[in-house]
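Visitor: Handing you a structure now.
In the numbering used here, the protein residues as written are 1 to 164.
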């Protein structure tokens, strides 16, 4: 019983920030995609003018539509990414100091939430729903934003802690 108790205590200590960030990201991502799919037709954009639009796009590729129509391959990469993130959070964080920091856990939670959000789309639909459309940038979604913000924050955290 003590081993089980210590396992859950360690799981909580290592994964609480990670899980409390990733789970809401997945929920918000899936909710926004559901709202887009049920309220817009494919290709519909609102408003029709201006630099920011909500546009319903079905993306069969990765970021910026690279690897278009390679859903199976992208799904495999996403599953591997989820497994690697779990290994990093629950195993490597014991050995790599900066991964124990809250900013690193926050970063990894953002990346995990985004990865799982897009993986749900790929496995469920064969494409990812994108809808945030800025004229000077590719159309993206909440999951993409979480992955990007998480990656930048992780790099900043690493650089800051490496200097100390």
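Glycine included, C-beta positions come from ideal geometry on N, C-alpha and C.
Keep in mind it's a predicted model, so treat the numbers as computed, not measured.
Whole angstroms is fine: what's the gap from residue 75's alpha carbon to residue 122's?
Guide: Locating residue 75 in the chain shown gives position 75, counting from the first residue. Locating residue 122 in the chain shown gives position 122, counting from the first residue. Residue 75 and residue 122: Cα-Cα distance of roughly 6 Å.
Visitor: Assuming residue 144 is part of the alpha helix (DSSP H), what are its boundary residues?
Guide: As a working note, residue 144 is residue 144 in the chain shown. Residues 142 to 163.
Visitor: Which residues mark the beginning and the end of the beta strand (DSSP E) in which residue 55 is found?
Guide: Reading the chain shown from its first residue, position 55 is the one you call residue 55. Looking at the DSSP string, the run of the beta strand (DSSP E) that includes residue 55 is 52 to 59.
Visitor: Taking only three categories from DSSP, how would you classify residue 137?
Guide: Residue numbering aside, residue 137 sits at position 137 when the chain shown is read from its first letter. Three-state DSSP puts residue 137 in coil, outside helix and strand.
Visitor: Take the Cβ of residue 16 as the centre, count every other Cβ of all protein chains shown within 10 Å, and call the residue buried at 16 or more, exposed below.
Guide: Your numbering for residue 16 matches position 16 in the chain shown. Residue 16 is exposed by the Cβ-count criterion.
Visitor: Alpha carbon to alpha carbon, how far is residue 147 from residue 57?
Guide: As a position in the chain shown, residue 147 is number 147, starting the count at 1. As a position in the chain shown, residue 57 is number 57, starting the count at 1. Approximately 19 Å, taken between the alpha carbons.
Visitor: In three-state terms, what does DSSP make of residue 73?
Guide: Position 73 of the chain shown holds residue 73. Secondary structure at residue 73: helix, using DSSP grouped into helix, strand and coil.
Visitor: Would you list the residues sitting across from residue 128 in a DSSP beta bridge?
Guide: The count along the chain shown starts at 1 and reaches residue 128 at position 128. 59, per the DSSP bridge assignment.
Visitor: Can you tell me whether residue 117 is buried or exposed? The criterion is at least 16 other CB atoms within 10 Å of its CB, across all chains shown.
Guide: Translated into positions along the chain shown, residue 117 becomes position 117. Looking at its Cβ environment, which holds 16 or more other Cβ atoms inside 10 Å, residue 117 is buried.
Visitor: Taking 8 Å as the threshold, find out whether the segment 128 to 143 comes into contact with the segment 43 to 53 through three or more Cβ pairs.
Guide: yes
Visitor: Do you know whose CA, among 71, 77, 32, 18, lies nearest residue 127's CA?
Guide: For the purposes of this step, residue 127 is identified with residue 127 of the chain shown, where counting begins at 1. Measuring from the Cα of residue 127, the nearest candidate turns out to be 71.
Visitor: Is it buried or exposed, residue 25, if we count other Cβ atoms within 10 angstroms and call 16 or more buried?
Guide: Walking along the chain shown from the start, residue 25 turns up at place 25. So residue 25 ends up on the buried side.
Visitor: Is the beta carbon of residue 18 closer than 7 Å to that of residue 119?
Guide: Translated into the one-based positions of the chain shown, residue 119 becomes position 119. Translated into the one-based positions of the chain shown, residue 18 becomes position 18. Contact flag unset, no.
Visitor: Exposed or buried, what is residue 87 when buried is set at 16 or more other beta-carbons lying within 10 Å of its beta-carbon?
Guide: Position 87 of the chain shown, counting from 1, holds the residue named residue 87. Burial call: exposed.
Visitor: To the nearest angstrom, how far is the alpha carbon of residue 161 from that of residue 112?
Guide: Looking up residue 161 in the chain shown gives position 161. Looking up residue 112 in the chain shown gives position 112. Using only the alpha carbons, I get a separation of about 22 Å.
Visitor: Count the other CB atoms, across all protein chains shown, that sit within 10 Å of the CB of residue 2; report buried if there are 16 or more and exposed otherwise.
Guide: Here the question's residue 2 lines up with position 2 in the chain shown. The residue in question, residue 2, is exposed, as its Cβ has fewer than 16 Cβ neighbours within 10 Å.
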